[in-house]
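Asker:
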Amino acid sequence: ARARVEARRAKARLRFRGAFAVVRLLNAEWARLRAARAARLSRALRMASLIRLRGRAWAARARARLLEAAKRREEEEFKLEQQRLQEEERRRLEQQRLEEEKRLQEEQARLEEQRQEEQRRLEEEQQRLEQ
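Going by our numbering, the letters in the sequence shown line up with residues 191 to 321, in that order.
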């Protein structure tokens, strides 16, 4: 009987030790799971923070590039408008020059005609005087 009691106690101790082993194993596993969750959360928060900070910088650079492109576009449009205005002014001046040349030629032709008319009149007068 004593051996049976001793065997029962040994069996109970074994079950008791097994229960402790299971509790220790479960506690270790829960700790590992909590650490893994904490690590995932930490990585996710770090990534969110990184995206937020770098995203602001990326957005600021993109805005700056857009503003710069708009400024360049405006400058190019202004330059083209100035070139167009200069070309119009050049054409207007050229047209004025041509009109002035034409007027001068007409004036010279009129003066030449007057001179010839005057010379013809003088020749006629001289012929009358000689007769």
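By construction, the Cβ of each residue, glycine as well, lies at the ideal position given by its N, Cα and C atoms. Keep in mind the model is a prediction, meaning the values are calculated, not measured.
Taking 8 Å as the cut-off, is the C-beta of LEU257 nearer than that to any heavy atom in the ligand FMN?
Answerer: You won't find the ligand FMN in this model; it holds no ligand whatsoever.
Asker: Cα separation between GLN309 and ARG318?
Answerer: 14 Å
Asker: What residue does the alpha helix (DSSP H) around ALA250 start on, and which one ends it?
Answerer: 192-320
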